[in-house]
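S.K.: Position one of the sequence shown corresponds to residue 0 (numbering that gives the first Met the number 0), numbered consecutively onward.
Don't be surprised by glycine CBs; every beta carbon is placed ideally from N, CA and C.
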Amino acid sequence: MTDLNSLTLAQARDALRKGETTSVELTEACLKAIEGSDALNAFVHKTPEIALERARAADERLKGGEEAPAMCGLPIGIKDLFCTKGVASQAASRILEGFKPEYESTVSQQLADAGAVMLGKLNMDEFAMGSSNETSVYGNAVNPWRRGNDETPLTPGGSSGGSAAAVAADLCLAATGTDTGGSIRQPAAFTGITGIKPTYGRCSRWGIVAFASSLDQAGPMTKDVRDAAIMLQAMCGHDPKDSTSADLLVPDFESMLTGDIRGKTIGIPKEYRMEGMPEEIEALWSKGADMLRDAGAKIVDISLPHTKYALPAYYVIAPAEASSNLARYDGVRYGRRAALAQGDGITEMYEKTRAEGFGHEVQRRVMVGTYVLSAGFYDAYYNRARKVRTLIKRDFEEAFDAGVDAILTPATPSAAFGLGEMAEADPVQMYLNDVFTVTVNLAGLPGISVPAGLDSKGLPLGLQLIGRPWEEGDLLNTAYALESAAGFVAKPGKWW
């Protein structure tokens, strides 16, 4: 058998069922890969004892003859944004240094209940604010891919950069991510893996450190579409602890992967043809449409007229919600507290703790958010952005009402860029990375990134499919057809 850590979830599940391997062997293979991967800086809190304990329990469960869930015995990584009981959960921020929650997030608990094995916590942008994993208190996560023989370290994307790097480098079989404006789909595209953001409300947000509560959504990051279907099913479900969680039946997503999309209508939005878009992205998009057409789908041009306002609206709404959510980090109850001088009062404690505890990007967004929510500017910025959001949502509704089943767009405006090439130069340039993804969060829709080709320097490029609300099964099936047609099997050469 090939290296156990390079198996997909589906392959590993089937091997476990046939008795060809054990969860302990799978877990040990991943732990060994993690030990030799410090150059990637993907795993930031390793939990080998918990992993082996869960693997042994999974093996007992599988031996016991009971009908074990699909994820039973499969080793995965958990993004550091998910609270994990007794394990450091820092959201990659200095302000949460030393925080070990006494509870488990709903999603990580569901995965544990399904028998999944947690290998450790994964690197990310601080509080999920970033598109390159360069705002983390742990330092940069590094993309396992390289531009040919060029040794420049590349970004794995953000904010779920550690998750993307770990899955692409076969350090784990899959990982959890979260997506507020593209934080699952953009890193998936940058690292040649699959990432799906489900409909808002499909996965519980309880126990996930909040960034922007009306946009955040958890999802799986996996090696292919079948794995995304398997893991998403384990992560979904109604949770009474989350008031935005949908009380809907979770279908068997994997059984819906037929690859048959004959008679489906796929929309191509003209507004996504951005000025200055690289030719390779344009060509891949066009090729993706041809692949879906060849698979029997009908391709139609559509218009989403308010797309051009999506980024500005997002960068008003998300920081506004962040400034409100992050007000709780004050050095009083948990996490880090700044050292105080003689005579310092509570105001100085707040100021020093937050100034020391938050990185520059988080400070920037908190200040923007506080500004747009302030008395004189609330209507001019925040309320206007909310109205724009409604119009963006309506654009999608009209397209779906007109018979469109899914929408095909590029996932990112470029391939992975070098670490340090964009971060300090101009924050707005970095924000433009989310241009194709933020509309999906603003409208609460499901979206998936599928690797579809390589650029001239040998780096992966992804295509995004956007689906109807609550129809992840249908979206995954369309993605499965696209994946089959694209035939993407490239892996990064091992240098770490």
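Contact check, G119 vs H44 under 8 Å by CB: the rounded distance?
M.R.: The sequence position of residue 119 within the sequence shown is 120, counting from 1. The sequence position of residue 44 within the sequence shown is 45, counting from 1. Correct: roughly 5 Å between the Cβ atoms.
S.K.: Based on DSSP bridge pairs, tell me the residues matched to D178.
M.R.: The count along the sequence shown starts at 1 and reaches residue 178 at position 179. DSSP lists Q216 as partners of D178.
S.K.: In angstroms with no decimal places, state the Cα-to-Cα distance between N432 and P412.
M.R.: Mapped onto the sequence shown, residue 432 falls at position 433. Mapped onto the sequence shown, residue 412 falls at position 413. Going by the C-alpha atoms only, they are around 6 Å apart.
S.K.: Pull up the distance between the alpha-carbon of V331 and that of Y271, whole angstroms please.
M.R.: Position 332 of the sequence shown holds residue 331. Position 272 of the sequence shown holds residue 271. Each residue's Cα considered, the two are about 46 Å apart.
S.K.: Using a 10 Å radius around the Cβ and a threshold of 16 neighbouring Cβ atoms, would you call S130 buried or exposed?
M.R.: Here residue 130 is taken as the residue at index 131 of the sequence shown, counted from 1. That one is buried.
S.K.: For a test of the three-state rule: what should DSSP assign to G129, helix, strand or coil?
M.R.: As a working note, residue 129 is residue 130 in the sequence shown. G129: coil per DSSP, three-state reduction.
S.K.: Which one or two residues does DSSP pair with I265 in a beta bridge?
M.R.: Here residue 265 refers to the residue found at position 266 of the sequence shown. Answer is I298 and A405.
S.K.: Taking the alpha carbon of T438 as the point to measure from, which residue in F126, G64, L303 and V361 has its own alpha carbon closest?
M.R.: The residue you call residue 438 lines up with position 439 of the sequence shown. Residue L303 is the option with its Cα nearest to T438.
S.K.: Contact between the segment 285-296 and the segment 258-275 is defined here as three or more beta-carbon pairs at a separation below 8 Å; is this criterion met?
M.R.: Flag = yes, the segment 285-296 and the segment 258-275 touch.
S.K.: Exposed or buried, V488, counting other C-beta atoms within 10 Å across all chains shown (16 or more means buried)?
M.R.: As a first step, residue 488 must be located in the sequence shown, where it is residue number 489. When all chains shown are included, V488 counts as exposed.
S.K.: Leaving out five residues on either side along the sequence, give the residues of the same chain with a beta carbon under 8 Å from the beta carbon of L325.
M.R.: By 1-based counting over the sequence shown, the position of residue 325 is 326. F126, F357, V361 and V365.
S.K.: Have a look at P155, R93, G236 and P450 and flag the residue whose alpha-carbon is nearest the alpha-carbon of A113.
M.R.: As a working mapping, residue 113 is identified with position 114 in the sequence shown. The option with the nearest alpha carbon to A113 is G236.
S.K.: Would you list the one or two residues that DSSP bridges to L153?
M.R.: Here residue 153 refers to the residue found at position 154 when the sequence shown is read from its first residue. In DSSP, L153 forms a bridge with G417.
S.K.: Secondary structure at H359, three-state DSSP: helix, strand or coil?
M.R.: Your numbering for residue 359 matches position 360 in the sequence shown. H359: helix per DSSP, three-state reduction.
S.K.: Please report the Cβ distance between E140 and A164, rounded to the nearest whole angstrom; I am assuming they are in contact, meaning their Cβ atoms lie under 8 Å.
M.R.: On the sequence shown, residue 140 is found 141 positions in, with the first residue counted as 1. On the sequence shown, residue 164 is found 165 positions in, with the first residue counted as 1. According to the sequence shown, residue 140 is Ala rather than Glu. Between A164 and A140 the Cβ distance is about 5 Å, and since that is below 8 Å, they are a contact.
S.K.: Which residues mark the beginning and the end of the beta strand (DSSP E) in which A451 is found?
M.R.: Residue 451 sits at position 452 when you count from the first residue of the sequence shown. Element bounds for A451: G446 to L453.
S.K.: DSSP beta-bridge partners for I316?
M.R.: Stepping through the sequence shown from its first residue, residue 316 is reached at position 317. Its beta-bridge partners do not exist; DSSP assigns none.
S.K.: Note the first and the last residue of the continuous beta strand (DSSP E) segment covering V23.
M.R.: Taking the sequence shown and counting its residues from 1, one reaches residue 23 at position 24. Where V23 is concerned, there is no enclosing beta strand (DSSP E), although the alpha helix (DSSP H) it sits in stretches over S22 to E34.
S.K.: With three or more C-beta pairs closer than 8 Å as the rule, is the segment 65-83 touching the segment 161-178?
M.R.: Because the criterion of three Cβ pairs below 8 Å is met, the segment 161-178 and the segment 65-83 touch.
S.K.: Closest by CA to T369, which one among I195, E320 and G492?
M.R.: As a first step, residue 369 must be located in the sequence shown, where it is residue number 370. Checking every option, the nearest Cα to that of T369 belongs to E320.
S.K.: Could you check if N382 is buried or exposed, using at least 16 other CB atoms within 10 Å of its CB as the buried criterion?
M.R.: The count along the sequence shown starts at 1 and reaches residue 382 at position 383. Flag for N382 reads exposed.
S.K.: Do A87 and G287 have their beta-carbon atoms positioned less than 9 Å apart in this structure?
M.R.: Walking along the sequence shown from the start, residue 287 turns up at place 288. Walking along the sequence shown from the start, residue 87 turns up at place 88. In this structure, A87 does not lie closer than 9 Å to G287 by Cβ.
S.K.: Please return the same chain residues whose Cβ sits closer than 7 Å to the Cβ of L39, not counting the five positions on each side in sequence.
M.R.: In the sequence shown, residue 39 corresponds to position 40, counting from 1. Here the set comprises A140, V141, P143, A164, A168 and W495.
S.K.: How far does the alpha helix (DSSP H) with M429 in it extend, from its first residue to its last?
M.R.: Counted from its first residue, the sequence shown places residue 429 at position 430. Note, M429: alpha helix (DSSP H), P426 to Y430.
S.K.: Name the one or two DSSP bridge partners that T221 has.
M.R.: For the purposes of this step, residue 221 is taken as residue 222 along the sequence shown, with counting starting at 1. Answer by DSSP bridge pairing, in chain order: A173 and T193.
S.K.: Return yes when the Cβ of K240 is within less than 9 Å of the Cβ of T105, no when it is not.
M.R.: Mapped onto the sequence shown, residue 105 falls at position 106. Mapped onto the sequence shown, residue 240 falls at position 241. Result yes, Cβ atoms of T105 and K240 sit closer than 9 Å.
S.K.: Could you check how far apart the C-beta atoms of P445 and G461 are, in whole angstroms? I think they sit under 8 Å.
M.R.: One-based indexing of the sequence shown puts residue 445 at position 446. One-based indexing of the sequence shown puts residue 461 at position 462. So it is not a contact: roughly 16 Å between Cβ atoms.
S.K.: Sort T190, K196, A217 and S213 by Cα distance to S203 and report the nearest one.
M.R.: For this step, residue 203 is matched to residue 204 along the sequence shown. Cα-wise, what sits closest to S203 is A217.
S.K.: Taking C-alpha atoms, which residue in D343, A374 and H305 lies nearest to V387?
M.R.: As a working mapping, residue 387 is identified with position 388 in the sequence shown. Of the candidates D343, A374 and H305, the one whose C-alpha sits nearest the C-alpha of V387 is H305.
S.K.: Can you tell me which of L61, M123, E19 and V166 puts its alpha carbon nearest to the alpha carbon of S36?
M.R.: Taking the sequence shown and counting its residues from 1, the one referred to as residue 36 is at position 37. Nearest of L61, M123, E19 and V166 to S36, Cα basis: V166.
S.K.: Could you tell me the alpha carbon to alpha carbon distance between L214 and N440, rounded to whole angstroms?
M.R.: The residue given as residue 214 occupies position 215 in the sequence shown. The residue given as residue 440 occupies position 441 in the sequence shown. Roughly 6 Å separates the two Cα atoms.
S.K.: Measuring alpha carbon to alpha carbon, tell me which residue in R145, L73, G417 and L481 is nearest T154.
M.R.: As a position in the sequence shown, residue 154 is number 155, starting the count at 1. The option with the nearest alpha carbon to T154 is G417.
S.K.: G457 to L61, Cα distance in whole Å?
M.R.: Counting from 1 along the sequence shown, the entry for residue 457 is found at position 458. Counting from 1 along the sequence shown, the entry for residue 61 is found at position 62. C-alpha separation (whole angstroms): 41 Å.
S.K.: Among the candidates M255, I406 and S455, whose CA atom is the shortest distance from the CA of S496?
M.R.: Examination of residue 496 is not possible in this model, given that the chain is present from 0 through 495 alone.
S.K.: The beta strand (DSSP E) with V43 in it runs from where to where?
M.R.: In the sequence shown, the residue the question calls residue 43 occupies position 44. Element bounds for V43: F42 to K45.
S.K.: Would DSSP call V208 helix, strand or coil?
M.R.: Start at 1 with the first residue of the sequence shown, and residue 208 comes out as number 209. The answer is coil: DSSP assigns V208 none of H, G, I, E or B.
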